[in-house]
Structure formats: structure tokens, C-alpha cells
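Here's the structure we're looking at; comments come further down.
Protein chains: 2
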Amino acid sequence: MKHFHGTVRQERALDAYVKLLRAADTVDSFLMSQLEPAGLTPSQFGVLEALYHIGPLCLGELAHKLLKTSGNLTMVVGNLQKRGLVTRKRQAADKRFYLVSITEKGRKLIAQVFPRHVERIVAAMSTLSPAEQKSLAALARKLGTTVAARYR
Amino acid sequence: MKHFHGTVRQERALDAYVKLLRAADTVDSFLMSQLEPAGLTPSQFGVLEALYHIGPLCLGELAHKLLKTSGNLTMVVGNLQKRGLVTRKRQAADKRFYLVSITEKGRKLIAQVFPRHVERIVAAMSTLSPAEQKSLAALARKLGTTVAARYR
DNA sequence: CCGAAATGGTTTAATATTGAACTACCAATC
DNA sequence: GATTGGTAGTTCAATATTAAACCATTTCGG
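Line by line, the protein sequences give chains A and B. Reminder that position 67 of the first sequence reads as 67 in this note's numbering, one-by-one numbering, no gaps. Counting from 1 along the second sequence, just add 152 to a position and that's the residue number in this note's numbering.
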């Protein structure tokens with residue numbers, strides 16, 4: 001938005017906003033493009049990674065963690081299920097819940113893909129010094145949690 | 153990725169990466185949800201805003217600015233055109249180019265929506281002090297440009 | 001208990017998004 | 001000036017994404 005002119009206050013906020021979004025977008029699309037050889041879309045990777053590291057989750061929890069709608073998760077989990085990477089099981093206690101678990105096949109896939117993914121993140125972030133990385137994390141966290149809480 | 157355990161170096165990079173993405177996602181989805189009453193999707197708003205502030209652009213330039221593919225822009229611009237918010241004109245000089253311009257109707261819509269949008273950005277960013285906003289912008293910029301340049 | 005409200009998921013319709021194949025046009029070279 | 005190659009956009013098939021309507025189940029107030 002270099003072509004917008006407002007008050008100092010506005011331009012400062014806009015500038016930080018735009019640069020934040022662009023950085024996130026650039027880093028993320030690079031990382032996600034590297035996942036393609038595994039045949040995983042970004043969303044599919046997100047679901048599998050969560051199940052791999054956290055354990056079985058129900059659809060609503062997945063949706064909450066990935067900041068997506070439940071309708072979306074129905075589709076993404078469906079596609080993972082088709083490929084035998086996850087299972088979906090109706091809970092006996094409360095039949096409204098569907099527990100999603102990663103299968104052995106899914107586990108193997110993530111185990112194969114994740115280490116390289118982490119190394120690419122390290123490489124990408126290494127542009128920033130350790131102190132800068134911590135600073136960025138703290139600022140982003142403060143911004144994200146405040147906005148999330150304010151407009152809940 | 154609180155459930156991943158690696159080296160200090162890895163966890164620092166992952167933490168910064170995750171918090172960056174989540175902050176961007178949270179702020180952006182809040183802002184974009186506020187645009188719905190205008191009947192604009194995030195992408196449509198992005199295109200319209202660019203045309204409004206920069207002037208007429210061809211499809212490739214729009215794709216580059218919005219970090220999207222040309223195929224995507226064909227669709228988004230098509231939907232904006234259906235609603236009479238932009239026009240698409242074949243260039244005489246080089247007939248491969250299609251120049252996209254905002255119409256008076258589109259201009260009015262953005263003029264009506266944009267000021268509130270800016271104020272919401274200011275409000276969201278105001279969690280951070282002016283110095284923190286500048287710091288965040290600088291760190292995000294450094295990260296984004298380096299990653300974009302490295303993996304071009 | 002029972003009917004009403006709340007909750008978890010699915011479905012539906014519309015738009016978005018991508019990569020890849022394809023079309024139209026331009027440019028350069030021989 | 002025809003072939004060759006490159007560039008701008010479109011089309012296509014598949015997945016993603018959302019909001020809204022809907023279905024099933026549970027919970028709660030009376």
C-alpha cells in the first residue's frame with residue numbers, strides 16, 4: 001500500500017500489517033511448495049502434522065487449531081481418509097464427535113517429510129539472528145493473541 | 153508445534169515461524185471478515201484496492217503484486233467484472249496484454265470501505281507501541297525479502 | 001421425562017487456488 | 001518472411017474455503 005497516504009499513525013500501522021502478511025505469505029508458500037513432492041496440500045500437511053505430534057483429535061479441535069471452519073475440515077480429512085492416511089471414528093460416549101487419528105501409513109509419510117521441513121524453516125529463519133527471531137516471535141505472539149482475544 | 157522437540161536452534165526457528173503465521177492469519181481473517189458486508193471476498197478486495205491506489209494494471213502485474221497465479225486472477229477479475237467493478241481491455245500495442253481498470257462503481261465502493269478498513273488496521277496494530285510496530289515491520293521485511301530472493 | 005436450546009458435523013453453493021496443458025500473440029533469427 | 005521460441009492469458013481438473021442451511025445428538029429447564 002505504498003500508494004496510500006494517511007497520517008503517520010496510519011502509515012505505520014499499514015506498513016507493519018502489510019509487511020507482516022507478505023513475509024508470512026512468502027515464507028509459507030515457499031515451504032508449502034516444497035511439500036508437493038509428498039503429494040500433500042498445505043491443509044493436508046497441517047492436519048497430519050497435528051495428529052502426528054499431538055495425537056488423535058476430533059474435527060472441531062482440528063478446525064480450531066488450524067484456524068479453519070469445520071466444513072473445511074470435513075473435506076480435508078475426507079481426502080486424507082481416501083488415501084488411507086487417517087481414520088475417522090465415531091465416539092461411543094458422545095456420538096456427535098468424530099475422532100480423527102493418523103494411520104501407520106500417515107505416520108510414515110510425516111516421519112519422512114517433517115525433518116526436511118524443519119530444516120527448511122531453520123534455513124529460512126536463519127536470515128534473522130537468534131535474538132531477532134525471538135523478538136519477531138514475541139511481537140507476533142503479542143499481536144496475534146490480542147487480536148484473537150479482542151474480536152472473539 | 154509445541155509438541156515437537158528438537159534442538160534449541162530448531163525450536164527457536166519453528167516458534168518464530170509458527171507465531172508469525174498465526175499472527176498474520178488471525179489479523180487478516182479478522183480484517184477480511186469485516187469486509188463481508190461490502191460483498192467483497194479478500195481477493196476481490198485486494199485487486200480492487202490495488203487498482204484504486206496504483207491505477208490500471210495488467211493481469212500479470214496483479215498476480216505478481218498479490219502473490220497469486222495468473223489463472224487465479226483470471227477468475228477473480230472475472231467475478232469483479234461481472235459485478236461491474238472493473239473493466240478488462242485488450243491492449244492495442246501488444247494484444248497479449250489485458251489492462252484491468254477500476255470502474256466508477258468500484259471506485260465508489262472502495263472509497264466507502266477503505267477508510268474503515270484502515271482504522272481497523274490501526275486499532276489492531278495498536279496493541280503494539282509505535283516502536284514495536286516499526287520493529288515488527290523491519291523484521292518481517294527482512295525475512296520476507298530474503299526468502300523471496302533466495303528461492304526465486 | 002420432554003420439549004427447547006445448544007453442540008458437533010455434514011452438505012451445499014459459491015468463490016478461490018494451484019499446476020499443467022493450451023491458445024494467441026509477439027519477437028528474433030536465419 | 002517462415003520457423004522457433006518466449007510471453008500473457010485462459011482453461012481444466014482437483015482441492016480448498018467459507019457461510020449458511022441442515023441433521024443428529026446431547027443437555028438443560030420446566
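Cβ atoms here follow ideal geometry from the backbone N, Cα and C, with glycine treated the same way.
- By the beta-carbon neighbour count (other beta carbons within 10 angstroms, threshold 16), residue 168 of chain B is buried.
- Around the beta carbon of residue 196 of chain B, a 10 Å sphere encloses 16 or more other beta carbons of the protein chains shown; the residue is thus reported as buried.
- Residue nearest to residue 141 of chain A within the set B:206, B:288, B:263 and B:294 is B:288 (criterion: CA-CA distance).
- Taking a cut-off of 8 Å on C-beta distances, the region 272-290 of chain B does not touch the region 242-258 of chain B, as fewer than three cross pairs fall below it.
- Between the alpha carbons of residue 175 of chain B and residue 31 of chain A lies a distance of about 17 Å.
- For chain B, the residues of the region 123-146 of chain A that bring a beta carbon within less than 9 Å of one of its beta carbons are 123, 124, 125, 126, 127, 128, 130, 132, 133, 134, 135, 136, 137, 138, 139, 140, 141, 142, 143, 144, 145 and 146, in chain order.
- Assigned with DSSP and collapsed to three states, residue 129 of chain A falls in coil, not helix or strand.
- Taking a C-beta cut-off of 8 Å against chain B, the contacting residues of the region 35-62 of chain A are 49, 53 and 54, listed in chain order.
- Excluding sequence positions up to five before and after residue 110 of chain A, its CB lies within less than 7 Å of the CB of 48, 49 and 52, all in the same chain and listed in chain order.
- In the three-state reduction of the DSSP assignment, residue 41 of chain A falls in the coil class, being assigned neither a helical nor a strand state.
- For residue 98 of chain A, the three-state secondary structure derived from DSSP is strand.
- Under a 10 Å Cβ-count criterion, residue 285 of chain B is classified as buried, with 16 or more other Cβ atoms of the shown protein chains found around its own Cβ.
- Contact between residue 211 of chain B and residue 193 of chain B fails: their C-beta atoms lie close to 17 Å from each other, not under 8 Å.
- Within chain A, the residues placing a beta-carbon under 9 Å from that of residue 164 of chain B are 122, 125, 130, 133, 134 and 137, ordered along the chain.
- Taking the C-beta atoms as reference points, residue 12 of chain A is found nearer than 7 Å to residue 282 of chain B.
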